[in-house]
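Next comes the structure, spelled out in structure tokens:
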């Protein structure tokens, strides 16, 4: 699929395997989510625009490239998406952070928005939407819908594991955005959980049940 990147880097795959292990505790799980987000972000931000600026080195003055334009916007889908933010901030500390709050209807599995706060001017920023799990794709589609309604255009979506159903739905709804997936899993089960998956990412990041 065009605009879809599925990673095969050994470090990402190794860390995802550790995430899957039910014995991995909250602290380690949280650290792994950040590390994977940083590794994925390194590749996802490959096309950030650059401009030459004048810098004085200890030897001489030179023109050298730095990231151009308005600062990056990281927009986690609450709450699990928060776990990926620090990994990307480690790469781009000057990035602004917005938030989109969605909850999933337990019967229909469809998302409903309860909070949306985006950095301005959002239309001038490269926007990275984070959610560790791309399951049905409903939350991802809705989040990108909201960002586009607010004027966002240059959008990247980062997910650590995805189900084929969710990836297809997000790509078909928003073929113009770049989608980055750490691992494409087998399928969704009858409860709309990714298989083999890693359980509930939010519960495992924040230590809740």
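Residue numbers (my numbering): 15 to 223. The beta-carbon is built from N, C-alpha and C at its ideal position, and this holds for glycine as well.
Between which residues of its own chain and residue i is the CB-CB distance below 6 Å, once the five residues before and five after are set aside?
{"i": "residue 96", "result": "90"}
{"i": "residue 139", "result": "84, 87"}
{"i": "residue 187", "result": "155"}
{"i": "residue 209", "result": "200, 201, 203"}
Look at residue i and residue j and say whether their C-beta atoms are less than 8 Å apart.
{"i": "residue 216", "j": "residue 183", "result": "no"}
{"i": "residue 33", "j": "residue 46", "result": "yes"}
{"i": "residue 192", "j": "residue 17", "result": "yes"}
{"i": "residue 7", "j": "residue 58", "result": "Residue 7 lies beyond the range of the chain shown here (15 to 223); nothing can be said about it."}
{"i": "residue 113", "j": "residue 128", "result": "no"}
Hey, quick one: how far does the alpha helix (DSSP H) through residue i stretch, first residue to last?
{"i": "residue 171", "result": "Per DSSP, residue 171 belongs to no alpha helix (DSSP H); it is in the beta strand (DSSP E), 168-176."}
{"i": "residue 56", "result": "40-58"}
{"i": "residue 158", "result": "152-163"}
Looking at the unbroken beta strand (DSSP E) that takes in residue i, where does it start and where does it end?
{"i": "residue 66", "result": "64-70"}
At a Cβ threshold of 8 Å, is residue i touching chain B?
{"i": "residue 182", "result": "Protein chain content of the structure displayed is limited to a single chain, and chain B is not contained in it."}
CA-CA distance, residue i and residue j?
{"i": "residue 21", "j": "residue 29", "result": "12 Å"}
{"i": "residue 124", "j": "residue 71", "result": "55 Å"}
{"i": "residue 102", "j": "residue 75", "result": "31 Å"}
{"i": "residue 218", "j": "residue 55", "result": "21 Å"}
{"i": "residue 35", "j": "residue 221", "result": "15 Å"}
{"i": "residue 196", "j": "residue 174", "result": "4 Å"}
With a CB to CB cut of under 7 Å and the five nearest residues on each side skipped, what residues in its chain are close to residue i?
{"i": "residue 49", "result": "29, 101"}
Near residue i, what residues of its chain come up, given a Cβ to Cβ distance below 8 Å and the 5 sequence neighbours on each side ignored?
{"i": "residue 189", "result": "16, 17"}
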